[in-house]
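Working notes, structure below.
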Amino acid sequence: MYEPSISATQLSMFGLSPGDCDDTFEVWSDNWPAFRLFEAMTTQWRTGACGATGLDYSAIYDTASLSGFTKKATIKLFPDLRVLEAEAMLAMSEQMNKG
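Pasting the structure below:
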């Protein structure tokens with residue numbers, strides 16, 4: 274998902290500089306496999322007139338296989354992938370409603 278970066282001018286309005294902002298985040302080790310699969314699926318969104326409608330589930334096994342996951346591991350990760358999908362859709366919906 275693309276999000277435009279914040280300009281130095283915008284940051285300065287809050288007394289910040291680009292060096293003050295860190296775009297890194299931590300993923301707990303228990304969540305890492307689900308995050309890896311979700312990240313690999315980032316180009317597999319189904320979209321409609323109102324934006325993303327969900328991940329293309331038909332691409333999950335191929336994407337997971339190419340990412341090194343077994344079919345059994347993929348089945349186990351599916352519920353976690355759906356949670357990530359739902360949260361991403363919520364974030365995208367909030368972004369659309371802002372503009």
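Residue numbers for the sequence shown, in the working numbering: 274 to 372.
C-beta atoms are modelled at their ideal positions from N, C-alpha and C, and glycine is treated no differently.
Asked                                                                                                                        : Found
Segment limits, beta strand (DSSP E) that includes Ala332                                                                    : Careful: Ala332 lies outside any beta strand (DSSP E) and carries neither H nor E.
Cα-Cα separation between Thr315 and Ala359, rounded to whole angstroms                                                       : 13 Å
Per DSSP, the bridge partner or partners of Thr320                                                                           : Ala325
Closest by C-alpha distance to Cys323, when choosing among Ser366, Thr347 and Lys371                                         : Ser366
Exposure label - Pro352; buried when at least 16 CB within 10 Å                                                              : exposed
Span separating the alpha-carbon of Tyr275 from that of Ala281                                                               : Because the pLDDT at Tyr275 is just 48, under 50, the model does not fix this residue reliably, and the point stays unresolved.
Run of the alpha helix (DSSP H) containing Asn370, from where it starts to where it stops                                    : Lys344 to Lys371
Cα-Cα separation, Thr326 to Arg309                                                                                           : 21 Å
Beta-carbon contacts of Ala307 that lie in its chain and below 7 Å, excluding the five residues immediately before and after : Leu350, Asp353, Leu354 and Leu357
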